[in-house]
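Step one of this worksheet: look at the structure below.
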Amino acid sequence: METFHKLFASLLTLIYHGFDRVVIQGYLPLLTPPEHIVYFFRDLHGIYPITKQALRQRTRDYQHWVEAFARNHRIPLQWPDPDRKKKGLRQEDYVRPYLLAMERRQRFGVYFIFKTMEPGPNFRSCPPKYPTQDPDYRIIKRQWSRYTHYYFYLRDEVLGPMILCVGSFLPFQTRYWINGHSFIAGELQRQGLRFHQDDNAFLSVSDPEALQATADRLSPEIIRQRLDYWTLVLGPKFSKEGAGRHPLAA
29 METFHKLFAS
39 LLTLIYHGFD
49 RVVIQGYLPL
59 LTPPEHIVYF
69 FRDLHGIYPI
79 TKQALRQRTR
89 DYQHWVEAFA
99 RNHRIPLQWP
109 DPDRKKKGLR
119 QEDYVRPYLL
129 AMERRQRFGV
139 YFIFKTMEPG
149 PNFRSCPPKY
159 PTQDPDYRII
169 KRQWSRYTHY
179 YFYLRDEVLG
189 PMILCVGSFL
199 PFQTRYWING
209 HSFIAGELQR
219 QGLRFHQDDN
229 AFLSVSDPEA
239 LQATADRLSP
249 EIIRQRLDYW
259 TLVLGPKFSK
269 EGAGRHPLAA
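The numbering used here puts the first residue of the sequence shown at 29, with every later residue one more than the last.
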């Protein structure tokens, strides 16, 4: 390697490296085990017995909130076109005009919401098989089933375009899609640097060292901070006082 460097040092150029598409799985630690569900309903909110209706009410509350959020902010909320795959159209392609409109207005936030039916974790309440001393006792079991998930397409002021998916049933599992190159592009623009980008590749930049430094600056701390923010904004709220605010575990 030293010989190679001596012979070709004058011909070497800086090569940046950075994350491309990143998928992160999130969950709410305090609402993951069944015993925490019991504590949440019985001890924190005084809801007992923990019936199917009690579990469903949390879903209804969140679904109504999403619908009101979309309506109040005039954000499209719809099911994907079932024939989009036949048309060769990705969801990202479908929502791109909305993203471009937000970029032209130099705004940040949610610009589109898709809702889908897909499997995810949830809980069910069932009475015990045999009589117990507590007539209101219910067994809370974790299971998988199909239900509504919401995909929030948004533009973040730090990470750029990203997607947040929230399941509408407890434990309200979340997923995130981000792109490291969007972060780099935004940072270079803020620094006033010229660059040419083709999809997820930077073909030229006026300051290669700044490009490398920016790529290296994307850290777990930055990502977590932005994901925590949007989870708080778009995820379910568990109390009027905010005591149920949900730190992200990923």
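Every residue gets a Cβ at the ideal spot worked out from N, C-alpha and C, and that includes glycine.
Quick caveat, the model's predicted, so the values are computed rather than measured.
Starting from the C-beta of residue i, find all residues in its chain whose C-beta is less than 6 angstroms away, skip the five residues before and the five after it, and write them out in chain order.
{"i": "residue 258", "result": "192"}
{"i": "residue 122", "result": "none"}
{"i": "residue 207", "result": "49"}
{"i": "residue 271", "result": "Confidence is the limiting factor: at residue 271 the pLDDT is only 37, short of 50, which leaves the residue's position unreliable and the question unanswerable from this model."}
{"i": "residue 87", "result": "196 and 197"}
{"i": "residue 144", "result": "177"}
{"i": "residue 214", "result": "188"}
Please report the residue range of the alpha helix (DSSP H) in which residue i lies.
{"i": "residue 93", "result": "80 to 100"}
{"i": "residue 64", "result": "62 to 66"}
{"i": "residue 240", "result": "236 to 245"}
{"i": "residue 125", "result": "119 to 132"}
Using beta-carbon positions only, say whether residue i and residue j come within less than 8 angstroms of one another.
{"i": "residue 80", "j": "residue 153", "result": "yes"}
{"i": "residue 137", "j": "residue 182", "result": "yes"}
{"i": "residue 179", "j": "residue 142", "result": "yes"}
{"i": "residue 221", "j": "residue 238", "result": "yes"}
{"i": "residue 140", "j": "residue 103", "result": "yes"}
{"i": "residue 210", "j": "residue 187", "result": "yes"}
{"i": "residue 148", "j": "residue 85", "result": "no"}
{"i": "residue 203", "j": "residue 91", "result": "no"}
{"i": "residue 66", "j": "residue 168", "result": "yes"}
{"i": "residue 108", "j": "residue 119", "result": "yes"}
{"i": "residue 194", "j": "residue 127", "result": "no"}
{"i": "residue 64", "j": "residue 58", "result": "yes"}
With DSSP as the reference, identify every bridge partner of residue i, one or two as the case may be.
{"i": "residue 177", "result": "144 and 195"}
{"i": "residue 204", "result": "52 and 192"}
{"i": "residue 167", "result": "154"}
{"i": "residue 258", "result": "DSSP output for residue 258 lists no bridge partner at all."}
{"i": "residue 149", "result": "172"}
{"i": "residue 223", "result": "233"}
{"i": "residue 137", "result": "183"}
{"i": "residue 106", "result": "142"}
Can you find the residues in the same chain that come closer than 8 angstroms, C-beta to C-beta, to residue i, ignoring five residues on each side of it along the sequence?
{"i": "residue 70", "result": "76 and 78"}
{"i": "residue 216", "result": "223, 233, 238, 239 and 242"}
{"i": "residue 225", "result": "209, 213 and 231"}
{"i": "residue 131", "result": "183"}
With residue i as the anchor, note down where its beta strand (DSSP E) starts and where it stops.
{"i": "residue 231", "result": "229 to 233"}
Using a Cβ-Cβ cutoff of less than 7 angstroms, which residues in the same chain neighbour residue i once the five nearest sequence positions on both sides are dropped?
{"i": "residue 150", "result": "171, 173, 175, 197 and 198"}
{"i": "residue 83", "result": "151, 153 and 198"}
{"i": "residue 113", "result": "none"}
{"i": "residue 250", "result": "186"}
With hydrogens ignored, establish whether the beta-carbon of residue i is closer than 7 angstroms to any heavy atom of the ligand ATP.
{"i": "residue 55", "result": "With respect to small molecules bound, the structure shown includes none, and the ligand ATP cannot be examined in it."}
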